[in-house]
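S.K.:
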Amino acid sequence: MLGSKLFSELDPKFFGILTSPNARLYLDVIDAVEREMPSRGDALDHAEALAIIDGCVLTQTLLPEDEDGPCEQAQASSVIYRRLLAARWLEEEKHSDYRRTVFLDPAAQTLLEAFRNIVSQSIASFTGKLRLVCDRLADLRAPHSRAELIWEELKNCLAQVRSGLRELRLIRKQVERYARRQLQAATLAEALDLIYNEFSQLITQRCYRELIHARLPERLREAMAGLTELEQDDLALNRMREDFLRTETEPDAGRAMAEIVRTIEELSLALGDVEPTADRVDTSTADFARRSRSRIRYIQDVGSARRQQVKTIFDYVREHLPAARLTDLEEKLALPTPRLADSGLLGMASLRKRRESSERAPRRPVATELTDADREESLREMERNLRNSLRLDRANKFVDRLGMARGEKVRSVELPIHAEDDILDVISCLVFAPAGGANYRLVTDREANPAAPIGFDPKAGFDVERFELEKK
Numbered sequence: 113m114l115g116s117k118l119f120s121e122l123d124p125k126f127f128g129i130l131t132s133p134n135a136r137l138y139l140d141v142i143d144a145v146e147r148e149m150p151s152r153g154d155a156l157d158h159a160e161a162l163a164i165i166d167g168c169v170l171t172q173t174l175l176p177e178d179e180d181g182p183c184e185q186a187q188a189s190s191v192i193y194r195r196l197l198a199a200r201w202l203e204e205e206k207h208s209d210y211r212r213t214v215f216l217d218p219a220a221q222t223l224l225e226a227f228r229n230i231v232s233q234s235i236a237s238f239t240g241k242l243r244l245v246c247d248r249l250a251d252l253r254a255p256h257s258r259a260e261l262i263w264e265e266l267k268n269c270l271a272q273v274r275s276g277l278r279e280l281r282l283i284r285k286q287v288e289r290y291a292r293r294q295l296q297a298a299t300l301a302e303a304l305d306l307i308y309n310e311f312s313q314l315i316t317q318r319c320y321r322e323l324i325h326a327r328l329p330e331r332l333r334e335a336m337a338g339l340t341e342l343e344q345d346d347l348a349l350n351r352m353r354e355d356f357l358r359t360e361t362e363p364d365a366g367r368a369m370a371e372i373v374r375t376i377e378e379l380s381l382a383l384g385d386v387e388p389t390a391d392r393v394d395t396s397t398a399d400f401a402r403r404s405r406s407r408i409r410y411i412q413d414v415g416s417a418r419r420q421q422v423k424t425i426f427d428y429v430r431e432h433l434p435a436a437r438l439t440d441l442e443e444k445l446a447l448p449t450p451r452l453a454d455s456g457l458l459g460m461a462s463l464r465k466r467r468e469s470s471e472r473a474p475r476r477p478v479a480t481e482l483t484d485a486d487r488e489e490s491l492r493e494m495e496r497n498l499r500n501s502l503r504l505d506r507a508n509k510f511v512d513r514l515g516m517a518r519g520e521k522v523r524s525v526e527l528p529i530h531a532e533d534d535i536l537d538v539i540s541c542l543v544f545a546p547a548g549g550a551n552y553r554l555v556t557d558r559e560a561n562p563a564a565p566i567g568f569d570p571k572a573g574f575d576v577e578r579f580e581l582e583k584k
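In this note's numbering, the protein residues as written are 113 to 584.
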């Protein structure tokens, strides 16, 4: 049994450190000692260990414990050191020259890493361990793949599935943490920043997207089919049994097959728990979206012009219906008659009677035949419209008429602009400068130096904002 094996390896005082009044101080000391050891050759001198403990005692006070009476603060470092030695968190090696070397117990290092993982605020990521295991188990549908499966690989599949389940639970826990933070958001900017910056980038883009792309439901069905084939393949199970007896330190022929079957059953149960856990992640994500939407609406209502109206309703409920359930408020809450926030927005015209529509005028047919004068007038009108239209080819022809070489630049003050047609040429250049077919580049002074005052050039009766034209 786990408890019997664990306490046969560790002294009960080992866990007593974690339940003492000074548990926080002890863990801070162990953490500080462990972080210093790699730079000191994985071992510390006795004086160095006491100096590290002194640094931790400066920020906290050692509380009295039942087995010891009150101790002086000056002796706190020595007291902590002796207690950690007695509890076997620290080990001390004495040398013939009276030096004492301090080591950290391996069990303490293992437990310390577990504590660090618990308090770690790193973002969970779906690494694809479940996907790899499902792909390997799906291959077991082929006889040659079952024959190649060894005991260590089967155990590793179970460990990877359990690790993947922990990842899914950690993702769900972090989504729920964001949901609690969303309910505490005080401003609209804070609520939106939590959605679009933190949650979107760290959760949705990093791990949730990979979880969706993994297509776990399909892979799980294939993996379960492979496990079923393995359970029915006596030849593959016997080969795995031989590998089990060869790799175990204390081989037991009677226990080997039972252990293999138990591992397969646990793997099947773990795979069956994957999809419900992933569904719970989906539910938590949907709950975060719902809470975010409600929180944003609440902040908008409370922070807008309707704040006083909303506060009045809340005060009324608090005063007259203190014991009412939220679902019953619709029947018990007698809201006042709705009032217009600002009647001036409607105006008087909206209160008048509906205006009558005018009578339809009779249709007049268009003359089917045109005279030569009508055709001539139409052509002149089209010529005027084309002359005054803004086009890319007009801008390119204007630049070509300047006779500039490739890479040559000219300022707007130097351009030959004398008539209204020239102004239309310049406007065409300004409009079509970003176009891909333009044979020029145009940069205004406003773009080149936003801090400088804006200057204008008087051209053909117009003020043209200064710019620079470059031939491509």
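We treat Cβ as the ideally placed atom computed from N, Cα and C, and that holds for glycine.
Should T389 and L270 be called a contact, given that it needs their Cβ atoms to be closer than 7 Å?
M.R.: In this structure, L270 does not lie closer than 7 Å to T389 by Cβ.
S.K.: Candidates A560, R281, S404: which alpha carbon is nearest A301's?
M.R.: Measuring from the Cα of A301, the nearest candidate turns out to be S404.
S.K.: Quick check on the DSSP output: what are the complete beta strand (DSSP E) runs of length 3 or more inside the region 475 to 552, in order along the chain?
M.R.: You should have 521 to 523.
S.K.: Report buried or exposed for T395, applying the criterion of at least 16 other Cβ atoms within 10 angstroms of its Cβ.
M.R.: T395 is exposed by the Cβ-count criterion.
S.K.: Taking buried to mean at least 16 other C-beta atoms within 10 Å of its own C-beta, is I192 buried or exposed?
M.R.: When all chains shown are included, I192 counts as buried.
S.K.: Tell whether a beta-carbon distance below 7 Å holds between L252 and E310.
M.R.: No, these two residues do not count as a Cβ contact at 7 Å.
S.K.: Quick one: what's got a C-beta closer than 7 Å to S257's C-beta in the same chain, skipping five residues either side?
M.R.: Hits under 7 Å: D251.
S.K.: At a Cβ threshold of 7 Å, is P133 touching chain B?
M.R.: Absence of chain B from the displayed structure is noted, only one protein chain being present.
S.K.: DSSP has R605 in a bridge; who is on the other side?
M.R.: What is shown of the chain runs 113 to 584, which leaves residue 605 out entirely.
S.K.: Do the region 349 to 367 and the region 277 to 296 touch if we need at least three Cβ pairs shorter than 8 Å?
M.R.: No: the two stretches stay apart, fewer than three of their Cβ pairs being nearer than 8 Å.
S.K.: Looking at C-alpha atoms only, which residue of A159, T359, R402 is the closest neighbour of V145?
M.R.: For V145, the nearest C-alpha among the options comes from A159.
S.K.: How would you call D486, buried or exposed, if buried means at least 16 neighbouring beta carbons within 10 angstroms?
M.R.: It is exposed - the Cβ of D486 has fewer than 16 other Cβ atoms within 10 Å.
S.K.: Give every residue of the same chain whose Cβ lies closer than 7 Å to the Cβ of D166, excluding the five residues on either side of it in the sequence, and list them in chain order.
M.R.: Hits under 7 Å: S189.
S.K.: What residue range is occupied by the uninterrupted beta strand (DSSP E) comprising E360?
M.R.: E360 -> no beta strand (DSSP E), and no H or E assigned at all.
S.K.: To the nearest angstrom, how far is the alpha carbon of F426 from that of V169?
M.R.: Using only the alpha carbons, I get a separation of about 50 Å.
S.K.: Taking the alpha-carbon positions, what's the A348 to A259 distance?
M.R.: Each residue's Cα considered, the two are about 5 Å apart.
S.K.: Comparing alpha-carbon positions, which option in Q221, R513, D505 lies nearest R147?
M.R.: The residue with the shortest Cα to Cα distance from R147 is Q221.
S.K.: From the DSSP output, in three-state form, read off Y290 for me.
M.R.: Helix.
S.K.: For T397, name the three-state secondary structure that DSSP assigns.
M.R.: Helix.
S.K.: Among the residues of its own chain, which have a CB less than 8 Å from the CB of E493, if the five just before and after it don't count?
M.R.: None.
S.K.: Please report the distance separating the alpha-carbon of A198 from that of K125.
M.R.: Going by the C-alpha atoms only, they are around 7 Å apart.
S.K.: When you compare only the Cα positions, how much space is there between V543 and E489?
M.R.: Roughly 30 Å between the two C-alpha positions.
S.K.: In the structure shown, what three-state DSSP assignment does K584 receive?
M.R.: In the structure shown, K584 sits in coil (DSSP, three-state: anything other than H, G, I, E or B).
S.K.: Secondary structure at P434, three-state DSSP: helix, strand or coil?
M.R.: Note: P434 maps to coil in three-state DSSP.
S.K.: Could you pull out every residue in the same chain whose Cβ sits closer than 7 Å to the Cβ of T239, ignoring the five residues on either side in sequence?
M.R.: Here the set comprises E279.
S.K.: Does P176 come out as helix, strand or coil in the three-state DSSP assignment?
M.R.: Reduced to three states, the DSSP call for P176 is coil.
S.K.: In this structure, does DSSP put D364 in helix, strand or coil?
M.R.: In the structure shown, D364 sits in coil (DSSP, three-state: anything other than H, G, I, E or B).
S.K.: How big is the Cα-Cα spacing for F400 and L323?
M.R.: Distance between the alpha carbons of F400 and L323 is about 17 Å.
S.K.: Looking at the secondary structure, which residues open and close the alpha helix (DSSP H) in which E148 lies?
M.R.: E148 -> alpha helix (DSSP H) spans 135 to 148.
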